[in-house]
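In full-length UniProt numbering, the protein residues as written are 1 to 269.
Backbone N, C-alpha and C fix where the C-beta goes; we use that ideal spot for every residue, glycine too.
Worksheet: the structure to be examined is printed underneath.
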DNA sequence: ATGCTAACCTGCGCGC
DNA sequence: TGCGCGCAGGTTAGCA
């Protein structure tokens with residue numbers, strides 16, 4: 001479930017409990033995630049957590065003996081639990097901490113990952129990523145330039161992590177609605193002016209969702225175990241066949257690259 | 001190079 | 001009540 005706001009919320013939620021703590025022990029009950037969990041992850045045992053950071057939808061936990069990189073996939077969550085709390089189904093990984101707490105990774109679909117990279121090394125997964133959507137590097141000039149000559153639909157274009165990271169299916173739908181752009185439009189045919197609007201809406205929508213702790217759909221919980229409250233503010237995602245909140249036109253639902261796209265045929269041109 | 005499809009995996013809701 | 005089908009927040013490999 002996690003999109004960028006959920007990942008950022010998770011990172012902020014667990015950071016105070018992890019930073020400067022010693023990782024006493026790492027228990028991997030199920031190593032078969034998106035990529036197998038390497039045995040080298042155990043080199044973090046006994047190490048102090050120096051810092052946490054986020055790049056795209058990855059959470060990086062740095063120690064002197066290497067960096068752990070979490071990805072939550074579609075259904076993953078990370079939260080702090082008491083050591084006395086028994087693991088349940090799909091609780092694949094525990095990090096026992098020196099403060100007595102346990103960082104517990106839960107992921108029914110196992111599309112997530114826990115990677116280990118050596119100190120000072122770069123992960124292959126992070127090296128070819130586009131700019132962060134909330135950074136100054138992501139602007140209309142950049143998107144306009146990157147999109148010239150592309151016949152690809154604007155929606156799949158902005159969901160491509162090599163173009164810009166962190167724009168998942170929910171926020172791609174929402175920002176295209178707010179920008180008034182039809183999702184099927186070829187990226188290469190969109191004017192600089194319309195990209196100005198789109199970039200502004202992507203930044204606004206993501207920032208607002210982070211502010212409110214992410215979007216809760218089915219089972220997401222942030223690092224503190226509390227759900228987010230953005231879901232009721234969605235204009236199009238999950239609302240196919242229902243009336244547009246602006247103009248009352250029936251929202252249309254189509255598929256683009258096996259993902260649901262919902263848009264307003266009247267507001268989005 | 002570009003852009004689309006299938007695949008990874010489990011759970012849930014819906015229609016019958 | 002139970003069963004089968006379709007769908008779900010992401011990402012990558014492979015193919016035309």
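- Residue 85 and residue 24 have their C-alpha atoms spaced approximately 17 Å apart.
- Residue 33 and residue 115 have their C-alpha atoms roughly 10 Å apart.
- Restricting attention to 252, 260, 121, the CA atom closest to the CA of residue 269 is found in 252.
- Residue 95 counts as buried, since at least 16 other C-beta atoms from the protein chains shown sit within 10 angstroms of its C-beta.
- Beta-bridge partners assigned by DSSP to residue 181: none are found.
- In the DSSP annotation of this structure, the continuous segment of the beta strand (DSSP E) that includes residue 70 starts and ends at 66 to 71.
- If you draw a 10 Å sphere on the C-beta of residue 30, you find fewer than 16 other C-beta atoms in it, and that means exposed.
- The DSSP-derived three-state label of residue 190 is coil.
- Scanning its chain for C-beta atoms nearer than 7 Å, with the 5 sequence neighbours on each side dropped, one finds around residue 118 the residues 66, in chain order.
- For the pair residue 199 and residue 171, the CB atoms are not nearer than the 8 Å cut-off.
- Per DSSP, the continuous beta strand (DSSP E) segment holding residue 81 begins and ends at 77 to 82.
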